[in-house]
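S.K.: Before anything else, here's the structure in question.
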Amino acid sequence: MSAIQAGLFLTFEGSEGAGKTSNLQYAKALLEESGKQVLVSREPGGTEVGERIREVLLSPELPAMHCDTELLLMFAARAEHYQHKILPALAAGQWVLCDRFTDASFAYQGGGRQISHSRIAALESWVLGDFRPDQTYLFDLPVETGLARAKARSAADRIEQEDIAFFERIRDCYLERARIEPERFTVIDASLPLQAVQAQLATTVADLLESAQ
């Protein structure tokens, strides 16, 4: 019996209203058409414990949360997700598509909340070791455009209620991470019409499938 080939771990990042979630579903369809087994998940969340933590993190009804508390809760949810969902799926040969991962912590808690990146990196090392995504798709667009889209979609959660400067810092941090790790990141212009965005994504997914053969 041949050994099972481990799957790949793909993450979908972007600020509010960037369309990462819908484009993740599009990528899932492309991969399944190619014969891949695909698991879709999200952060914070992905497990029963993680989803409970997500409720606490995003609830606008709770009082103000200290930024350190927010960061630690994010990584608590991530530890559960990584150990109980991501690793088993990859070992079983599934491709895992995740709506946000550790880059979001660097962007939101590092950029947005202005927590030292060295502190976030220490948590990343503790929870994940040297595990990193195989590919990260960053859906980028102007902050005001994204916030307008998010507002039209649903009521704002606790984090979405922050000011524009908060989200500008998030965008800057995401783009800086993409600049530093160009081999892992694919930056997609999410301000374009959906068909054009999906065309960009389809090209990169096709390249990834070819390289994974």
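Position 30 of the sequence shown, counted from 1, bears residue number 20 in this note's numbering, the numbering being contiguous throughout.
In this text, a Cβ means the ideal position worked out from N, Cα and C, and glycines have one as well.
Is the beta carbon of Asp130 closer than 8 Å to that of Arg103?
M.R.: Counting from one through the sequence shown, the residue named residue 103 turns up at place 113. Counting from one through the sequence shown, the residue named residue 130 turns up at place 140. No, these two residues do not count as a Cβ contact at 8 Å.
S.K.: In chain order, what residues of the same chain lie with their CB nearer than 7 Å to the CB of Leu198, ignoring the 5 residues before and after it?
M.R.: Along the sequence shown, one-based indexing puts residue 198 at 208. Around Leu198: Gln125.
S.K.: For the alpha helix (DSSP H) that Ser115 lies in, which residues bound it at each end?
M.R.: Taking the first residue of the sequence shown as 1, we reach residue 115 at position 125. Ser115 -> alpha helix (DSSP H) spans 107 to 118.
S.K.: Buried or exposed for Arg169, going by 16 or more other Cβ atoms inside 10 Å?
M.R.: To locate residue 169, count along the sequence shown from 1; it is residue 179. By the neighbour-count rule (16 or more Cβ atoms within 10 Å), Arg169 is not buried but exposed.
S.K.: In chain order, what residues of the same chain have a beta carbon less than 7 Å from the beta carbon of Glu41, not counting five sequence neighbours either side?
M.R.: Position 51 of the sequence shown, counted from the start, is the residue given in the question as residue 41. Closer than 7 Å at the Cβ level, and outside the excluded window around Glu41, lie Gly35.
S.K.: Could you check where the alpha helix (DSSP H) with Gln15 kicks off and where it finishes?
M.R.: For the purposes of this step, residue 15 is taken as the residue at position 25 of the sequence shown. Where Gln15 is concerned, the enclosing alpha helix (DSSP H) stretches over 10 to 23.
S.K.: Helix, strand or coil, according to DSSP, for Arg167 in the structure here?
M.R.: For the purposes of this step, residue 167 is identified with residue 177 of the sequence shown, where counting begins at 1. Helix.
S.K.: So, Glu134 versus Glu6, is the Cβ gap smaller than 8 Å?
M.R.: Here the question's residue 134 lines up with position 144 in the sequence shown. Here the question's residue 6 lines up with position 16 in the sequence shown. Cβ distance not < 8 Å, so Glu134 and Glu6 don't count as in contact.
S.K.: Would you call the CB atoms of His107 and Phe96 closer than 8 Å?
M.R.: Numbered from 1 along the sequence shown, position 117 holds the residue referred to as residue 107. Numbered from 1 along the sequence shown, position 106 holds the residue referred to as residue 96. Cβ atoms of His107 and Phe96: closer than 8 Å.
S.K.: Who are Arg32's beta bridge partners in DSSP?
M.R.: Along the sequence shown, read from residue 1 onward, the residue named residue 32 stands at position 42. Arg32 pairs with Asp89.
S.K.: Please name the residue or residues paired with Tyr98 in a DSSP beta bridge.
M.R.: As a first step, residue 98 is located in the sequence shown; it is residue number 108 there, counting from the start. DSSP lists no partner for Tyr98.
S.K.: Closer than 8 Å by C-beta to Tyr72: which residues in its own chain qualify, once you throw out the five before and the five after it? Chain order, please.
M.R.: Your numbering for residue 72 matches position 82 in the sequence shown. The answer, listed in chain order, is Val117, Leu118, Phe121.
S.K.: Hey, how far is the Cα of Glu51 from the Cα of Arg44?
M.R.: The count along the sequence shown starts at 1 and reaches residue 51 at position 61. The count along the sequence shown starts at 1 and reaches residue 44 at position 54. So the alpha carbons of these two residues sit roughly 13 Å apart.
S.K.: Does DSSP put Leu222 in a helix, a strand or coil?
M.R.: Absent from the structure is residue 222, since the part of the chain shown begins at -9 and ends at 203.
S.K.: So the beta strand (DSSP E) Glu3 belongs to, where does it begin and stop?
M.R.: By one-based count along the sequence shown, residue 3 stands at place 13. Taken as a continuous stretch (DSSP letters only), the beta strand (DSSP E) holding Glu3 covers -1 to 3.
S.K.: Would you say the segment 167 to 181 touches the segment 72 to 89, given that touching needs at least three Cβ pairs under 8 Å?
M.R.: Contact between the segment 167 to 181 and the segment 72 to 89 is absent, because fewer than three Cβ pairs lie under 8 Å.
S.K.: How would you label Arg159, buried or exposed, when you count the other beta carbons within 10 angstroms and need 16 or more for buried?
M.R.: Locating residue 159 in the sequence shown gives position 169, where the first residue counts as 1. By the 10 Å Cβ count, Arg159 comes out buried.
S.K.: Taking the continuous alpha helix (DSSP H) assigned at Asp197, which residues delimit it?
M.R.: For this step, residue 197 is matched to residue 207 along the sequence shown. Asp197 -> alpha helix (DSSP H) spans 184 to 202.
S.K.: Assuming Asp130 is part of the beta strand (DSSP E), what are its boundary residues?
M.R.: Taking the first residue of the sequence shown as 1, we reach residue 130 at position 140. Counting along the chain, the beta strand (DSSP E) containing Asp130 begins and ends at 125 to 130.
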